[in-house]
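>
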Amino acid sequence: MSNGLSIPNWSGRRATKALEHIKATGRRNNTPCCICNQPIDYNLPSTDPNGCSLQHLKSRALYPQLTWDPANWAPAHLHCNQTEGKEATVGIGTTSRKW
Ligand SMILES: [Zn+2]
Numbered sequence: 074m075s076n077g078l079s080i081p082n083w084s085g086r087r088a089t090k091a092l093e094h095i096k097a098t099g100r101r102n103n104t105p106c107c108i109c110n111q112p113i114d115y116n117l118p119s120t121d122p123n124g125c126s127l128q129h130l131k132s133r134a135l136y137p138q139l140t141w142d143p144a145n146w147a148p149a150h151l152h153c154n155q156t157e158g159k160e161a162t163v164g165i166g167t168t169s170r171k172w
């Protein structure tokens, strides 16, 4: 049965398509950045720090099963996403405190 571990990595064509999807809906709805709430210029290239990137509302590290769930995607500035991403991966390790 499914053990939930066979989730494709966030890369390649699927990730590109997901980003295109979030850009298209974001542009249509004028969705602001989900992190800083400022408007996003959807005409900027994805490599621009102020351009649109795809943010996982629930981090992939904690919710890998939601990696490919469009309901878990939201537009964010690239620079916001990168800052957030680094912080989100902090402190996930086990704290086995012995006393
Ligand atoms: Zn932002």
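When you line the sequence shown up against this note's numbering, it's residues 74 to 172, in that order. A virtual CB, placed ideally from N, CA and C, is assigned to each residue, including glycine. Quick caveat, the model's predicted, so the values are computed rather than measured.
1. Closer than 7 Å to a non-hydrogen atom of ligand 1 - does that hold for the CB of Q111?
2. Within this structure, are the beta carbons of A149 and I108 separated by less than 8 Å?
3. Based on Cα-Cα distance, which residue from P122, P81, A91 lies nearest to N154?
4. Just the C-alpha distance for W146 and P105, rounded to the nearest angstrom, thanks.
5. By DSSP, does T162 sit in helix, in strand, or in coil?
6. Kindly indicate which residue of L127, N110, T120 has the alpha-carbon position closest to the one of H176.
7. Hey, would you say the C-beta of C125 is under 7 Å away from at least one heavy atom of ligand 1?
8. Using the three-state DSSP reduction, which class does C125 fall into: helix, strand or coil?
The structure says:
1. yes
2. yes
3. P122
4. 13 Å
5. Legend: pLDDT at T162 = 46, less than 50; position of this residue unreliable, value from coordinates given subsequently. In this structure, T162 counts as coil in the three-state DSSP scheme.
6. Absent from the model: residue 176. The displayed extent of the chain is 74 to 172, so no value can be given.
7. no
8. strand
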